[in-house]
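Enquirer:
2 protein chains.
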Amino acid sequence: MARPFRFQLEATDGAARRGAIETPRGTIRTPAFMPVGTAATVKAMLPESVAATGADILLGNTYHLMLRPGAERIARMGGLHSFMNWDRPILTDSGGFQVMSLAELRKLTEEGVRFRSHVDGSRHMLSPESSMEIQRLLGSDIVMAFDECTPYPADAATARSSMELSMRWAARSRAAFGDRPGHALFGIQQGSVFRDQRAESAERLIEIGFDGYAVGGLAVGEGQERMFEVLDYAPAMLPADRPRYLMGVGKPDDIVGAVARGIDMMDCVLPTRSGRTGQAFTRRGVVNIKNARHADDPRPLDEACACPACRAYSRAYLHHVFRAGEIIASMLMTWHNLHYYQDLMAGMRAAISKGRFAEFEAAFHAGRAEGDIPPL
Amino acid sequence: MARPFRFQLEATDGAARRGAIETPRGTIRTPAFMPVGTAATVKAMLPESVAATGADILLGNTYHLMLRPGAERIARMGGLHSFMNWDRPILTDSGGFQVMSLAELRKLTEEGVRFRSHVDGSRHMLSPESSMEIQRLLGSDIVMAFDECTPYPADAATARSSMELSMRWAARSRAAFGDRPGHALFGIQQGSVFRDQRAESAERLIEIGFDGYAVGGLAVGEGQERMFEVLDYAPAMLPADRPRYLMGVGKPDDIVGAVARGIDMMDCVLPTRSGRTGQAFTRRGVVNIKNARHADDPRPLDEACACPACRAYSRAYLHHVFRAGEIIASMLMTWHNLHYYQDLMAGMRAAISKGRFAEFEAAFHAGRAEGDIPPL
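Line by line, the protein sequences give chains U and X. Quick note: the first sequence uses the UniProt record's numbering, first residue 1, plus one each step. Quick note: the second sequence uses the UniProt record's numbering, first residue 1, plus one each step.
#1: Taking just the CA atoms, how far does X/MET77 sit from X/LEU205?
#2: Would you kindly work out how many angstroms separate the C-alpha atoms of X/MET167 and X/GLY178, rounded to a whole number?
#3: Given that a residue counts as buried once 16 or more other Cβ atoms are within 10 Å of its Cβ, and exposed if not, what is X/HIS157?
#4: Using Cβ-Cβ distances below 8 Å, what residues of the region 53–70 of chain U are close to chain X?
#5: By Cβ distance below 8 Å, which residues in the same chain neighbour X/GLU297 in space, the five residues on each side in sequence not counted?
#6: Which of the three DSSP states, helix, strand or coil, is assigned to X/ASN61?
#7: So, is X/ASN291 buried or exposed, given that buried needs 16 or more other C-beta atoms within 10 angstroms?
#8: Go ahead and pull the three-state DSSP assignment for U/HIS81.
#9: Mind checking which residues open and close the beta strand (DSSP E) that includes residue 378 of chain X?
#10: Which residue or residues does DSSP assign as beta-bridge partners of X/ILE22?
#11: Enumerated in chain order, which unbroken segments of the beta strand (DSSP E) with a length of 3 residues or greater are wholly contained in the region 254–311 of chain X?
#12: Rounding to the nearest angstrom, what Cα-Cα distance links X/TYR340 and X/GLY95 in this structure?
#13: Which residues in chain X have a C-beta closer than 9 Å to the C-beta of U/ARG73? List them in chain order.
#14: Below 8 Å, how does it come out for the region 264–272 of chain U and the region 324–344 of chain U: are there three or more Cβ pairs, yes or no?
#15: Going by CA-CA distance only, name the one from X/ARG25, X/ARG180, X/LYS107 and X/GLN8 that's closest to X/GLY19.
#16: Kindly say whether U/ALA312, judged by its beta-carbon, lies nearer than 7 Å to any beta-carbon of chain X.
#17: Specify the secondary structure class of U/ARG195 as computed by DSSP and reduced to three states.
#18: For X/ALA202 versus X/MET237, is the C-beta spacing smaller than 7 Å?
#19: Near U/ARG63, what residues of its chain come up, given a Cβ to Cβ distance below 7 Å and the 5 sequence neighbours on each side ignored?
#20: So for X/GLY347, helix, strand or coil by DSSP?
#21: In chain order, which alpha helix (DSSP H) runs of at least 4 residues are fully inside the region 76–161 of chain X?
#22: Are the C-beta of X/GLU326 and some C-beta of chain U separated by less than 7 Å?
#23: How is X/ARG17 classed by DSSP in three states: helix, strand or coil?
#24: Does the region 185–204 of chain X come into contact with the region 140–150 of chain X, if we say contact requires no fewer than three beta-carbon pairs (one atom in each stretch) closer than 8 Å?
#25: Counting only beta-carbon atoms, is U/ASN288 nearer than 7 Å to chain X?
#26: Can you give me the start and stop residues for the beta strand (DSSP E) that X/PHE186 sits inside?
#27: Thinking just about the alpha-carbon of each residue, which of X/LEU301, X/SER353, X/ALA306 and X/MET227 is nearest to the one in X/MET333?
#28: Quick check on the burial criterion: 16 or more other C-beta atoms within 10 angstroms. Buried or exposed for X/LEU105?
#29: Assuming X/LYS43 contacts X/ARG349 (C-beta within less than 8 Å), just tell me the rounded distance between them.
#30: So who's on the other strand from X/ALA214, going by DSSP bridges?
#31: Assuming U/PRO243 contacts U/ILE21 (C-beta within less than 8 Å), just tell me the rounded distance between them.
#32: Per DSSP, U/PHE33 forms a beta bridge with which residues?
#33: Does the beta carbon of U/HIS336 fall short of 6 Å from some heavy atom of the ligand MG?
#34: Do we get a CB-CB distance below 7 Å when we pair U/THR41 with the residues of chain X?
#35: Taking the alpha carbon of U/THR12 as the point to measure from, which residue in U/VAL259, U/GLU361 and U/VAL321 has its own alpha carbon closest?
#36: Expressed to the nearest angstrom, what Euclidean distance is found between the alpha-carbon atoms of U/PRO181 and U/LEU137?
Next comes the structure, spelled out in C-alpha cells:
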C-alpha cells in the first residue's frame with residue numbers, strides 16, 4: 001500500500017483530457033465512468049462481471065452503507081472491498097447528498113446533519129468528522145469531503161451561504177481525514193450556477209489542498225444546457241494536475257459533453273437503473289426492450305457491442321424475459337448498459353489520445369441521430 | 001445430429017446405478033439432476049453459470065413456453081437452445097402436469113385438455129399430438145409423453161382410470177413423435193401407490209417402447225415415506241437398459257433416497273426457488289440466510305463448497321444483500337444451491353462407481369444430523 005496516489009495527465013485535446021490515476025489497488029483510466037454499487041453491490045451484477053465491462057473503479061454510498069449493514073460491521077468483515085468481493089479501487093461519496101434527499105426528520109446545523117434512517121427510523125449524525133470516519137471504516141480508496149449539495153434553483157445569497165458552509169466542512173474534512181498514504185481525499189466545488197462563487201469555492205478548496213476535485217451541485221434539475229454552461233468554466237478553475245470529478249452524471253450525451261469540457265470522472269445510476277426498467281443504451285440511441293416490436297427481432301441490442309447480452313441473446317429473448325419478469329432480464333440489460341458506458345469511455349480516451357475528440361463527438365451525435373453506428 | 005441417443009449403464013451398487021446418456025448435444029452423466037428453466041431461463045442464473053455448476057441438462061416447461069413467448073416464436077428464433085443460449089441437452093415436460101395445476105377453466109377429455117392461459121386468458125388445447133408438436137418446435141432433446149399426473153390421494157378405481165388414460169395418451173404420443181434421430185421420447189409410468197397398477201403401466205409402456213421411462217405421479221403430496229415405498233418396487237418394473245426419471249424430486253434426502261432405489265434422473269425447482277427465498281442447502285443442512293445470527297458471520301455458506309458464493313462471500317454479506325432485497329442475493333444463493341445439488345450428484349456417481357453407495361448415504365445423513373461435513 002506504499003505506492004502513492006497519483007494522477008498522470010497523458011493527453012489533452014481541447015479541454016478534453018486523457019489520464020490515469022495510480023492507486024495501490026490499480027490504475028483508473030480517465031475519463032472514467034464509475035458504476036454505482038449503492039448497497040455493496042452493483043445491482044444485478046457480479047463484481048467480476050462489472051470488471052469485465054472495463055470498469056476500473058466503483059462508487060459506494062456512505063449513507064446507505066452506514067445504515068445497512070453498518071460501517072463498523074463492514075470494517076469487522078475486512079472492509080468494503082473484501083465484503084463485496086471487489087479488489088479494484090472504490091470511491092465513496094460523503095453521504096451529504098443522500099442524507100438530504102432520503103433521510104427523515106433531518107436537521108442541518110453548522111456541526112452537520114442529524115437525521116433518522118429511512119430503513120428503520122434509527123437516529124444518526126453525519127458531519128465532516130463522522131463521514132471521514134465512516135469512509136475510513138469502509139476502506140474507501142477515494143474519500144469525498146462532506147458537503148451540502150446546494151439545491152437548485154437557489155438565489156445568489158442562498159447559494160453563497162450553502163457554498164461557504166461546504167467550504168468550512170471541506171476544511172474540517174481535510175483535518176479529520178489526516179494523512180492516509182494510498183488513500184485520496186477529494187474536495188467538492190459548490191457555487192450553483194454563479195461563476196464568481198464557483199471561482200471562490202475553487203480557490204478555497206485549493207488553499208485547503210486535495211488529491212482531486214469534484215464539481216458538485218450539478219445534475220440536480222438544472223438541465224443539460226445550464227449544466228454545460230457551468231462546465232464551460234468550472235473545471236478550468238480546478239488544478240490541471242488533479243482529477244476532476246463530475247458527480248451523478250449522467251446520460252451518454254451528458255458524459256460526452258462533460259468530457260469535452262475537461263471532466264475526468266463521473267458516476268451515475270442510469271445504466272444500472274435503466275437496465276432494470278428495460279432501457280438499453282446503444283450506438284443508435286435508447287432501445288425500450290418492452291416494446292412489442294422487439295418480440296420477434298432476432299438481432300442483438302447493439303450489433304457493434306461485444307457484451308454477453310449482445311453476443312448471445314436476441315432482442316426477442318430479452319423482450320421475453322423482461323415481460324416474464326425474469327431476473328436474467330435485469331442481469332443482461334444491466335451488463336449491456338455498463339458495457340456500453342465503458343465502451344463510450346474507451347472510445348473517448350482513444351479519441352483524445354489521437355487528437356480526434358471533436359470528430360468522435362460529431363460521430364457520436366450523428367450516429368444517434370441517423371441510426372448509424374459511430375466508431376465508439 | 002446422427003449420433004444415436006444411447007444410455008450406457010456403467011456401474012451398479014445395490015439398486016443404485018451410474019451411467020451416461022449420449023446425445024448429439026453432449027453426455028448426461030447419471031444420476032443426473034436437471035435444474036429447471038421454466039420460462040427459457042434458470043431463474044437468476046446465466047446459462048454458462050448453470051453449466052459451471054456441473055449441470056449436463058436443463059428442464060424446460062412446455063406449458064409456460066407455449067403461452068409465453070410461444071413455441072412457434074421460439075422455433076422461428078432457432079429453437080429453445082439458441083433462444084436461451086444453452087447448447088447442452090434440454091428435456092421438456094409434456095405440459096400435462098402444469099396445465100392441470102396452473103391453467104384456468106381446464107376441461108379434460110379423451111382428446112386432451114382445453115384450457116385458458118393463466119397469463120392472458122387466451123384459449124389453448126394440449127393433447128398428445130399438440131404436446132409432441134410443441135416439444136418438436138422447441139427443439140427438445142428429451143421429449144416427455146403427454147400424460148395425466150394422477151392426483152394424490154386417489155382410490156384404486158380413480159387411479160386406474162387415470163393410468164389407463166395416460167397409457168392411451170402414451171401410445172398416441174409415441175405415434176405423433178414419429179422417428180426423430182438424435183431425439184428421445186420418454187414414457188411415464190402412473191398407477192399412484194398401487195403396485196399392480198404400476199406393474200401394468202410399466203408393461204404397457206414397454207410394449208409401446210420408449211427411449212427412457214419416468215416414474216410419474218409421485219412428489220405430489222404423498223410424503224417421503226410413501227414415495228420411497230413406491231420407489232422400492234416401481235423403478236425395477238422399468239427396463240434396466242433405459243434411463244429412469246423421477247419427476248419433480250426433490251429435497252437432497254429425497255434425491256439420495258431415490259438414487260438408492262434405482263433412479264437415474266431428477267428435476268426440481270427447489271434449489272432455485274429456495275435460493276430466491278434465502279434458503280441454502282449445505283453439507284450441514286439448510287441455512288436460512290435471513291436469520292439475524294448470520295449478520296456478523298465471516299464464514300461461507302458451506303466451507304467445503306467451491307461455488308462462487310462460497311469462495312468469495314461471507315454469510316454476513318449474503319445476509320446483508322438478502323435483507324436489502326438485492327438481486328445478487330438471488331444470484332449467489334441460487335448458484336450455491338445448484339452447485340450443491342451437482343456436488344451431491346457427483347458424490348453419488350463416484351460412490352456408486354466405487355461400490356460404496358451405502359457408506360455415502362450413511363455419511364450424508366450423519367453429516368446433516370451431526371453438523372459434520374461428509375465427503376460428498
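Glycine residues also receive a C-beta, built at the ideal position from the N, C-alpha and C atoms. These figures come from a predicted structure and were not determined experimentally.
Expert: Let's see:
#1: Their Cα atoms are separated by approximately 34 Å.
#2: Between X/MET167 and X/GLY178, the C-alpha separation is close to 17 Å.
#3: Reading the sequence as shown, one finds Ala at residue 157 of chain X and not His. In summary, X/ALA157 is exposed, with fewer than 16 beta-carbon neighbours lying within 10 Å of its beta-carbon over all protein chains present.
#4: Sequence-ordered contacts of the region 53–70 of chain U with chain X read ARG68 and PRO69 [C-beta pairs closer than 8 Å].
#5: The sequence given here places Asp at residue 297 of chain X; Glu does not occur at that position. Correct list, in chain order: SER314, ARG315, ALA316 and HIS319.
#6: Three-state DSSP puts X/ASN61 in coil, outside helix and strand.
#7: That one is exposed.
#8: In this structure, U/HIS81 counts as helix in the three-state DSSP scheme.
#9: Outside the modelled stretch of chain X, which goes from 1 to 376, sits residue 378 of chain X, for which no answer is possible.
#10: What sits at residue 22 of chain X in the sequence shown is Glu, not Ile. In the DSSP output, where bridge partners are listed per residue, X/GLU22 has X/ARG6 and X/THR27.
#11: Inside the region 254–311 of chain X, DSSP marks whole beta strand (DSSP E) runs of 3 or more residues at positions 265–267, 279–282 and 285–288, from first to last along the chain.
#12: For X/TYR340 and X/GLY95, the distance between alpha carbons rounds to 28 Å.
#13: For the C-beta of U/ARG73, the chain X residues within less than 9 Å are, from N- to C-terminus, ALA295, ASP296, ALA316 and HIS320.
#14: Yes, the region 264–272 of chain U is in contact with the region 324–344 of chain U.
#15: Among X/ARG25, X/ARG180, X/LYS107 and X/GLN8, the Cα nearest to that of X/GLY19 belongs to X/GLN8.
#16: Against chain X, the CB of U/ALA312 has a partner CB under 7 Å away; the residue lies at that interface.
#17: In this structure, U/ARG195 counts as helix in the three-state DSSP scheme.
#18: With respect to the 7 Å criterion, X/ALA202 and X/MET237 are classified as neighbours on the basis of their beta carbons.
#19: The amino acid at residue 63 of chain U is misidentified as Arg; the sequence shows Tyr. These residues qualify, in order along the chain: GLY95, GLN98, VAL99 and LEU102.
#20: Residue state, collapsed to three classes: helix.
#21: Listed in chain order, they are 80–84, 96–102 and 128–138.
#22: By this cut-off, X/GLU326 is an interface position.
#23: DSSP places X/ARG17 in strand when its eight states are reduced to three.
#24: For the pair of segments examined, the region 185–204 of chain X was found to touch the region 140–150 of chain X: the number of CB pairs separated by less than 8 Å reaches three.
#25: U/ASN288 does not count as touching chain X.
#26: Note, X/PHE186: beta strand (DSSP E), 184–189.
#27: Per the Cα distances, X/LEU301.
#28: With fewer than 16 other Cβ atoms within 10 Å, it is exposed.
#29: Going by Cβ atoms, the distance from X/LYS43 to X/ARG349 rounds to 26 Å, so no, they are not a contact pair.
#30: Answer is X/ILE188 and X/TYR245.
#31: Approximately 6 Å separates the beta-carbon atoms of U/PRO243 and U/ILE21; this is inside 8 Å, confirming the contact.
#32: Note: U/PHE33 sits in a beta bridge opposite U/MET266.
#33: Absence of the ligand MG is noted for the structure shown, with no ligands found whatsoever.
#34: Closer than 7 Å to some Cβ of chain X, the Cβ of U/THR41 qualifies, so yes.
#35: Closest in alpha carbon position to U/THR12, among U/VAL259, U/GLU361 and U/VAL321, is U/VAL259.
#36: For U/PRO181 and U/LEU137, the distance between alpha carbons rounds to 15 Å.
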